[in-house]
Every structure is written in structure tokens, then in C-alpha cells.
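Participant: Let me begin by handing over the structure; questions about it come next.
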Amino acid sequence: MLNLNNAFENELKKLIDQEIERLKENLSNGLSVLDYAEYKHQVGKIIGLRTVLERCDDVHTILNQK
């Protein structure tokens, strides 16, 4: 059974994954890319969101070591 913290984390990860997919689709379709600076910005957003997901995994590792 999931407690509130686990449920929150799972839903947050789902939303982050959905946003990554949306940004990737926009990049592949060229909908949000007007120039190279915008491309770099969109890629940076994806990298940032992936970093958040990695940090969630890091937190699990730290908590399991305690």
C-alpha cells in the first residue's frame, strides 16, 4: 500500500515523464524551435527534468542506507 509520500512521488514522476515526452515531440516536429537558442533552451529543459528524476533515485539510495 502506498502512503501519501510514495503516491506523491509516483504522480510527480509521471507528470515529469509526460512533460519530457511533450518537449521531445515539440523538438522532433519543430513546433517550438524557431532558432538554435530556442533549441538549446528546450534541450536544457529536458536535461533539467531528467536530472530531477535522477535525484529522486539518489534520495531513495540515501534513505535506504540509513
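The opening residue of the sequence shown carries number -15 in the numbering used here; numbering runs sequentially from there.
Note that CB positions come from ideal geometry on N, CA and C, so glycine has one too.
1. What is the DSSP secondary structure of Val36, reduced to helix, strand or coil?
2. Can you tell me where the alpha helix (DSSP H) holding Lys(-3) begins and where it ends?
3. Quick one: grab the DSSP three-state call for Lys50.
4. With distances taken Cα to Cα, identify the nearest neighbour of Lys8 among Glu(-7), Lys24 and Leu(-4).
Facilitator: Put simply:
1. Along the sequence shown, one-based indexing puts residue 36 at 52. Correct three-state label for Val36: helix.
2. As a working note, residue -3 is residue 13 in the sequence shown. From DSSP, the alpha helix (DSSP H) with Lys(-3) extends over Leu(-12) to Asn13.
3. In the sequence shown, residue 50 corresponds to position 66, counting from 1. In this structure, Lys50 counts as coil in the three-state DSSP scheme.
4. Here residue 8 is taken as the residue at index 24 of the sequence shown, counted from 1. Nearest neighbour of Lys8 by Cα position, chosen from Glu(-7), Lys24 and Leu(-4), turns out to be Lys24.
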